Amino acid sequence: MRNFLTIIFLIPLAVHPQSSSFDFHSPENIKKFADHLFCEGDYLRAIEQYELINENLDNDTIKFKVMLGYSELGFFSESNDFFRGINDKSIFYPDAYFLSFKNQLISEPGLIIAPSINSFNSFQMKSFSKLTNISMLYEDKFNISRENFTAPFDAEELNSVSTFFDHKVEPPYKSPALAGLLSAVIPGSGKMYVGEWGDGITALVVTSLFAFLAYDNFRTDHTTRAWIFTGLGAFFYAGNIYGSVASAQIFNARIDFDFNNGLELFLKQQNYFLPEYDFCE
Amino acid sequence: MENLKWRKADISYEKQIHFSKRDFSFESENAGEFITKSLANAYWFFISDVDGDNCPFRPTCSAFLLQSAKETNIFQASLMFFDRFTRDMNIAKGHDHYPRVSAGYYYDPPQNYTLNQGRIKYLPPAFIVDDE
Amino acid sequence: MIKVLEICYKGIRFSSHKNHFQFCLPYTFIPLYLYTLLLIISSSAEIHSQTEIEKQFNYAKKLYDEEKYFDAVTEFKRLLFFYDGDIYSYESNLLTGLSYKNGAKFSEAIQHFTLAGLNSKNIDEVFIARLEIIKVNILRRTIGRALALLDSLQNDSKFTRNADEINYWRGWSYIFSDDWENASLSFSTIEPKHPLALLCDSLAHDLYDPTLAKTLSIIPGAGQFYTGEYVSGFLSIGWNVLWGYLTINAFMEDRVFDGLMVGSLLWWRFYTGNIQNAEKFALEKNLEKSNSALRYLQNYYIGKKP
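Here the protein sequences line up with chains A, B and C, keeping their order. Residue numbers for the first sequence follow the numbering used here, so the first one is 728 and each next one is one higher. Residue numbers for the second sequence follow the numbering used here, so the first one is 2 and each next one is one higher. Residue numbers for the third sequence follow the numbering used here, so the first one is 1147 and each next one is one higher.
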């Protein structure tokens, strides 16, 4: 009975001290708060909080999360700067190493020349081969057989990857010289060759019209007018040859643009062959 | 960290103005440019500003000619101009060809036509350019 | 003392002394005293913890007052994450929303104003939170949304006494949608000579009518004169007289082809251009006028602003 009473009396006393000295800014609470922010997708705030306690906790997970957060925010160089501070003994080192390639490919697309590392697991090793192969597509020099290029990829990726390979080996460019030449022979035909049918037909009509007007005026001895029409016609004719070459170049720029866009989209869909990290249950 | 954070924004009540103002100055680096600029000024003042909104492109055809002359030389610029003029006369131009500026005109800068492949900045038709 | 306690506590059960009860009575309450004392101390610790929360709130508020809005949001979020009471939820969410608004993060702002509304303690707070949502919609020019929200406030019998304020913000909504006449009407329902009603009214009278400008331009140049663009007006007259003369002259001399060409390619171009121009001037000048009014309202008007 006495013990029971003691317990009853002590309960209120035991509850109070727990909340008595709550510290919003203690390292543990900062970490809890930062984890919450990270899971909410509020990465910049999460990183700021992690950086406040980083030295106290020296935690590999936190370091990796900061790097990941910067990358998610699109601050790729900050993310890679942070990577340099991650110890290669850390359990997250392979992931961080891999993430640094993603950052690099997004910020300055180009060939990945870094070596693979022993601590890669089999998934990472495979992803690494995929990513290095894909990164070759960004280089002007492309010298690899189809078998070697497509080897690391899974069945569902193979379709896209072969398309990229074909495009890289034989890009569907149009020749600027041919476009110019065609337009020199038949005005507007160079534009049509490039696919600009409307512009091509317009050029043909306009040049023919001025040629006819010039001819007609020479025939009827209106020499001054005839020469004006000849001059204008000549400029339209030459301008069209020039424009056909330019159009072919723009067409090729479009091909490159679409290729790079498709590549970027593919990599985004595959999340650059990175695994899904789940720090929030 | 500090400079990655967003700050107090300058929120203006005013509406954005899309009307472009002409640059009527005679500033030029050589005689050829002075002549084209003077012609363009006269054309803008006496004709272009009073004959309605006829040019579907930005820069307008006359501004295109001026910028081309700055980029290249008077001869190449005139070829570029005649090509642009032909494209302007094409009645079926554009909807899946040129990107646009925010006011709805086709964006077609001379940089894409200097025959220097490296200078071409391709933008897809759906793209809306911020400035002219 | 200990001796006394010993006697008393043992005595309660084993006593034979007749004055024992009287003597010991005060001492039986000693544990109760002690307990009460401890309770007081510990609840002062509770007060202490209250001040921690208050301190955190004040810290966040201070950052807000210093216009460090990003950091203010962080600290309010920290408070709300650890604190599940309801004293600060409304204010913290409201101030988080205001911070986001000041950083032009409008959708985040609306999200937190909505949370503030859900955590409000009385009807006034609900009203304030909902007004803030309306103000954000005005500021980002989603006026349709702002007006719909104002309608729902107006139709709610709980807010009947806030009718003036609802009309005030309706006025601002119209200002931001360039509808100065309706803005003036809304302000004048509060008070016929409301300063904003007068301002909107005078601007509405000052603006050009683009349709009138276009209609006047049936006579070339007239629309330009109406908008004060005399040079352009004279140029339009000049061109139209010239091309009109050449066209008519060509037809008079039976040069039908020349007449058609000059008429369609030149006269028509300058005639329609003249109409387009008159409308363009009216719109341009109206935009300049309404922008200068908006500039004045933003920088010099003293009163509630979105």
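Ideal Cβ positions, reconstructed from N, Cα and C, are used throughout, including at glycine. For clarity, every value in this text was computed on a predicted model and none was experimentally measured.
Do you know whose CA, among A:T929, A:V921, A:A953, lies nearest A:K901's CA?
-> Your numbering for residue 901 of chain A matches position 174 in the first sequence. Out of A:T929, A:V921, A:A953, A:V921 has the C-alpha closest to the C-alpha of A:K901.
Span separating the alpha-carbon of A:I818 from that of A:F809 | Here residue 818 of chain A refers to the residue found at position 91 of the first sequence. Here residue 809 of chain A refers to the residue found at position 82 of the first sequence. Distance between the alpha carbons of A:I818 and A:F809 is about 16 Å.
C:D1217: which of C:L1225, C:L1226, C:A1206 sits nearest, CA to CA?
-> Your numbering for residue 1217 of chain C matches position 71 in the third sequence. Checked all of C:L1225, C:L1226, C:A1206; the closest Cα to C:D1217 is C:A1206.
So, is the C-beta of A:Q851 closer than 9 Å to a C-beta in chain C?
-> Walking along the first sequence from the start, residue 851 of chain A turns up at place 124. No, A:Q851 does not count as interfacial toward chain C.
Buried/exposed call for C:C1346, threshold 16 Cβ in 10 Å | Your numbering for residue 1346 of chain C matches position 200 in the third sequence. Answer is buried; the Cβ neighbour count reaches 16.
Look up A:R873 in the DSSP assignment and say whether it is helix, strand or coil.
-> Here the question's residue 873 of chain A lines up with position 146 in the first sequence. Here A:R873 sits in helix by DSSP.
Identify every run of the alpha helix (DSSP H) within the segment 1298 to 1360 of chain C, keeping only runs that are complete inside it and at least 4 residues long; order them along the chain.
-> 1309 to 1322, 1326 to 1336, 1341 to 1352
CA-to-CA distance, A:N998 to A:G837, given in whole angstroms | Counted from its first residue, the first sequence places residue 837 of chain A at position 110. Counted from its first residue, the first sequence places residue 998 of chain A at position 271. Going by the C-alpha atoms only, they are around 17 Å apart.
Among A:T929, A:F891, A:Y964, A:A941, nearest to A:L992 - alpha-carbon criterion = Taking the first residue of the first sequence as 1, we reach residue 992 of chain A at position 265. The residue with the shortest Cα to Cα distance from A:L992 is A:F891.
Label A:G812 either buried or exposed according to how many other C-beta atoms from any shown protein chain fall within 10 Å of its C-beta, with 16 as the threshold for buried.
-> To locate residue 812 of chain A, count along the first sequence from 1; it is residue 85. Flag for A:G812 reads exposed.
For C:R1224, return the contacting residues in chain A, with the cut-off set at a CB-CB distance below 7 Å.
-> To locate residue 1224 of chain C, count along the third sequence from 1; it is residue 78. Within chain A, the residues near C:R1224 are F751, F760.
Less than 9 Å separating the beta-carbons of A:E799 and A:Y770?
-> Here residue 799 of chain A refers to the residue found at position 72 of the first sequence. Here residue 770 of chain A refers to the residue found at position 43 of the first sequence. Against a cut-off of 9 Å, the Cβ pair of A:Y770 and A:E799 comes out as a contact.
Assuming C:E1198 contacts C:Y1236 (C-beta within less than 8 Å), just tell me the rounded distance between them.
-> In the third sequence, residue 1198 of chain C corresponds to position 52, counting from 1. In the third sequence, residue 1236 of chain C corresponds to position 90, counting from 1. About 19 Å separates the two Cβ atoms, so there is no contact after all.
How is B:F58 classed by DSSP in three states: helix, strand or coil?
-> Looking up residue 58 of chain B in the second sequence gives position 57. B:F58: strand per DSSP, three-state reduction.
DSSP three-state assignment for B:V130, whether helix, strand or coil = The residue labelled residue 130 of chain B in the question sits at position 129 within the second sequence. If DSSP states are grouped into helix, strand and coil, B:V130 belongs with the strands.
Would you please state the rounded distance, in angstroms, between the beta carbons of C:I1269 and C:S1319? I believe it to be under 8 Å.
-> Start at 1 with the first residue of the third sequence, and residue 1269 of chain C comes out as number 123. Start at 1 with the first residue of the third sequence, and residue 1319 of chain C comes out as number 173. That pair is no contact at about 23 Å.
Buried or exposed: which applies to A:Q996, given that a residue is buried once 16 or more other Cβ atoms fall within 10 Å of its Cβ?
-> Position 269 of the first sequence, counting from 1, holds the residue named residue 996 of chain A. Answer is exposed; the Cβ neighbour count stays below 16.
Return the residue from the list C:R1286, C:R1316, C:V1282 that minimises the CA-CA distance to C:S1298.
-> Taking the third sequence and counting its residues from 1, one reaches residue 1298 of chain C at position 152. For the residues C:R1286, C:R1316, C:V1282, the minimum Cα distance to C:S1298 belongs to C:R1316.
Have a look at C:K1281, C:G1409, C:Y1314 and flag the residue whose alpha-carbon is nearest the alpha-carbon of C:I1336.
-> Reading the third sequence from its first residue, position 190 is the one you call residue 1336 of chain C. C:I1336 has its Cα closest to that of C:Y1314, out of C:K1281, C:G1409, C:Y1314.
Quick one, which of A:S854, A:N860, A:A823 has its alpha-carbon nearest A:I840's?
-> Taking the first sequence and counting its residues from 1, one reaches residue 840 of chain A at position 113. Selected option, being the one with the closest Cα: A:N860.
Simplified DSSP assignment, three categories, for B:Y108 = Residue numbering aside, residue 108 of chain B sits at position 107 when the second sequence is read from its first letter. Residue state, collapsed to three classes: strand.
Contact set between C:N1437 and chain B, taken where Cβ atoms lie within less than 7 Å = For this step, residue 1437 of chain C is matched to residue 291 along the third sequence. E15, K16, listed in chain order.
Anyone know if the C-beta pair for B:P111 and B:M81 falls short of 9 Å?
-> Sequence index remark: in the second sequence, residue 111 of chain B carries index 110 (1-based). Sequence index remark: in the second sequence, residue 81 of chain B carries index 80 (1-based). Yes, the pair counts as a contact, with Cβ atoms nearer than the cut-off.
Can you find a CB in chain C that lies within less than 9 Å of the CB of A:H949?
-> Taking the first sequence and counting its residues from 1, one reaches residue 949 of chain A at position 222. It does not: the Cβ of A:H949 has no partner Cβ on chain C nearer than 9 Å.
In whole angstroms, what is the alpha-carbon distance linking C:Y1447 and A:Y969?
-> For the purposes of this step, residue 1447 of chain C is taken as residue 301 along the third sequence, with counting starting at 1. For the purposes of this step, residue 969 of chain A is taken as residue 242 along the first sequence, with counting starting at 1. Going by the C-alpha atoms only, they are around 58 Å apart.
Pairwise C-alpha distance: A:T934 and A:A961 | Numbered from its first residue, the first sequence carries residue 961 of chain A at position 234. Numbered from its first residue, the first sequence carries residue 934 of chain A at position 207. Cα to Cα, the separation comes out at about 8 Å.
What span of residues does the alpha helix (DSSP H) with A:D926 cover, start to end?
-> Stepping through the first sequence from its first residue, residue 926 of chain A is reached at position 199. Taken as a continuous stretch (DSSP letters only), the alpha helix (DSSP H) holding A:D926 covers 924 to 946.
Whose CA, out of B:A104, B:V51, B:K16, B:G119, lies closest to the CA of C:K1435?
-> By 1-based counting over the third sequence, the position of residue 1435 of chain C is 289. Residue B:K16 is the option with its Cα nearest to C:K1435.
Give every residue of the same chain whose Cβ lies closer than 6 Å to the Cβ of B:F65, excluding the five residues on either side of it in the sequence, and list them in chain order.
-> The count along the second sequence starts at 1 and reaches residue 65 of chain B at position 64. Within the same chain, B:F65 has close Cβ partners R85, P111.
If I'm right that C:R1286 touches C:F1259 with Cβ under 8 Å, what's the distance once you round it to whole angstroms?
-> As a first step, residue 1286 of chain C must be located in the third sequence, where it is residue number 140. As a first step, residue 1259 of chain C must be located in the third sequence, where it is residue number 113. That pair is no contact at about 13 Å.
Would you call the segment 1272 to 1279 of chain C and the segment 1237 to 1248 of chain C touching, i.e. three or more CB-CB distances under 8 Å?
-> yes
Can a CB atom of chain B be found closer than 9 Å to the CB of C:Q1422?
-> Here residue 1422 of chain C refers to the residue found at position 276 of the third sequence. Yes, because at least one Cβ of chain B sits closer than 9 Å to the Cβ of C:Q1422.
In the DSSP assignment, find the alpha helix (DSSP H) that holds A:Q997 and state where it starts and stops.
-> Taking the first residue of the first sequence as 1, we reach residue 997 of chain A at position 270. No alpha helix (DSSP H) holds A:Q997; DSSP gives it neither H nor E.
Buried/exposed call for A:Q745, threshold 16 Cβ in 10 Å | Locating residue 745 of chain A in the first sequence gives position 18, counting from the first residue. Confidence at A:Q745 is low in this model, with a pLDDT of 43, below 50, so the placement of that residue is unreliable and no value is reported for it.
Contact with chain B by A:G925, beta-carbon distance below 9 Å = Walking along the first sequence from the start, residue 925 of chain A turns up at place 198. A:G925 counts as touching chain B.
Looking at the structure shown, is A:V972 part of a helix, part of a strand, or coil, going by DSSP?
-> Numbered from 1 along the first sequence, position 245 holds the residue referred to as residue 972 of chain A. Helix, per DSSP.
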